[in-house]
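For what it's worth, numbering that gives the first Met the number 0 labels the leading residue of the sequence shown as 0, then goes sequentially.
Here a beta-carbon is modelled for each residue, glycine too, at the ideal position from N, C-alpha and C.
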Amino acid sequence: MSATVSRPDKVLFPDDGWTKADLVAYYDRVADYMLPHLAGRPLTLHRFPDGIGVEGFFHQARAEHFPDWVGTLLVRHDEPTGPVHHLLCEEAACLRFLSDQATITFHRWASRSGAIDRPDLLIFDLDPPGEDMARLKRTARRVGSLLRDCQLSPFVMTTGSTGLHVVSPLLPWRDFDAVRGLARAFAERLVARYPDELTTEQRREARGDRLYLDVTRNAFGQTAVAPYSLRARPGAPVAAPLDWGELDKGDLRADGYTLANIFRRLGQKGDPWAGMFDQAADPASARAALDRLG
């Protein structure tokens, strides 16, 4: 396991001057917070060997040149994809190696090895039409409130891009179709309550100025940005788990936590998502509770 960074002076964030060495140092330092959220989950990497000013590429299967100690999980997909040796990352050395491959963003599955066809995360991606942070925070609170009403424990995270994710831990007792149906039922209930503000319409041109409640990440093989992953955007923003009280901050932005300030926050608050699976709930019970709401 090499400690050497290849091309350490290569600038990856040209507006900020941050280099490959800065990228690897970030993932070295954040590993203890991030790795519990990656454990057992197939990953899709977003790599930018020439920096974020040049189009990157997505990478999910093990490359031939990767060392043997980089973990993989064989997942059998429907044709034409077929079997894929998906990457896993469960050790700091692996996180360091993958960041040295110019991986800026890590996307993770909603399920884990051992129950790969049964998700243990329910994911709502709140995608605003513009930079309406007030509506974004209001919607996150509404999603969280409805989940609590249905015996689920919601958690919230900035995406480091333009939106927020609301996520609830599940017991891995149901398949992806059932969990996606549950997510859709929650989203449709919220759209019925707030039809002028929210939509589940996938076509961007049909949304108008409504916020999109995206539940498509609750499907087999789909991914969502991992907690504490950097994003390939100026400023090197971070997908940052929050506690719910932080939504009250007037200066909160979806891309407000960055490589430059995230460790100050972690030093003050730690990881608000630590131990979240102690609150995992049965998705079938949640669906029954939602149906009882009428």
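Residues sharing a beta bridge with residue i, DSSP
| i | result |
| --- | --- |
| V166 | I122 and F154 |
| W243 | In DSSP, W243 forms no bridge with anything. |
| L292 | For L292, which the question treats as bridged, DSSP gives no partner whatsoever. |
| T257 | P236 |
Same chain, Cβ closer than 7 Å to residue i, five either side skipped, listed in chain order
| i | result |
| --- | --- |
| F262 | R28 |
| T18 | P7, D8, K9, V10 and L11 |
| G143 | P153, V155, V165 and W243 |
| S5 | D99 |
| P240 | F154, M156, P226, D270, P271 and W272 |
| L97 | L44 and C88 |
Close Cβ partners of residue i (< 8 Å) along its chain, the five nearest in sequence each way excluded
| i | result |
| --- | --- |
| G335 | The requested residue 335 is not part of the displayed model; the chain covers only 0 to 293. |
| R216 | A109, I122, D124, T222 and A223 |
| A218 | F175 and R179 |
| I51 | L11, F12, P13, I103, A231, R232 and P233 |
| R61 | V69, T71, H84, H85 and L86 |
| A283 | W172, R173 and A177 |
Limits of the alpha helix (DSSP H) - the one that residue i falls within
| i | result |
| --- | --- |
| P82 | Not the alpha helix (DSSP H): P82 falls in the beta strand (DSSP E), residues P82 to L86. |
| A92 | A91 to D99 |
| T138 | M132 to D148 |
First through last residue of the beta strand (DSSP E) which encompasses residue i
| i | result |
| --- | --- |
| Y227 | Neither: Y227 is in no beta strand (DSSP E) and is coded neither H nor E. |
| I115 | Where I115 is concerned, there is no enclosing beta strand (DSSP E), given that its DSSP letter is neither H nor E. |
| T104 | T102 to R107 |
Proximal residues to residue i (C-beta, below 6 Å), its chain only, five neighbours per side dropped
| i | result |
| --- | --- |
| Y25 | L258 |
Inter-stretch contact at 8 Å, needing at least 3 Cβ pairs: the segment 59-66 / the segment 244-264: Taking a cut-off of 8 Å on C-beta distances, the segment 59-66 does not touch the segment 244-264, as fewer than three cross pairs fall below it.
Entirely within the segment 45-86 and at least 3 residues each: give me those beta strand (DSSP E) ranges in chain order. List check, beta strand (DSSP E) in window: 56-58, 71-75 and 82-86.
Would you say the segment 272-283 touches the segment 166-175, given that touching needs at least three Cβ pairs under 8 Å? By the Cβ test, the segment 272-283 is in contact with the segment 166-175, since at least three Cβ pairs between them sit closer than 8 Å.
Could you give the uninterrupted runs of the beta strand (DSSP E) lying entirely in the segment 12-40, keeping only those of 3 residues or more? If you keep only unbroken beta strand (DSSP E) runs of at least 3 residues inside the segment 12-40, you get nothing at all.
Runs of beta strand (DSSP E) wholly within the segment 193-239 (minimum 3 residues, chain order): Look at the segment 193-239 and you find these whole runs of beta strand (DSSP E), each 3 residues long or longer: 210-213.
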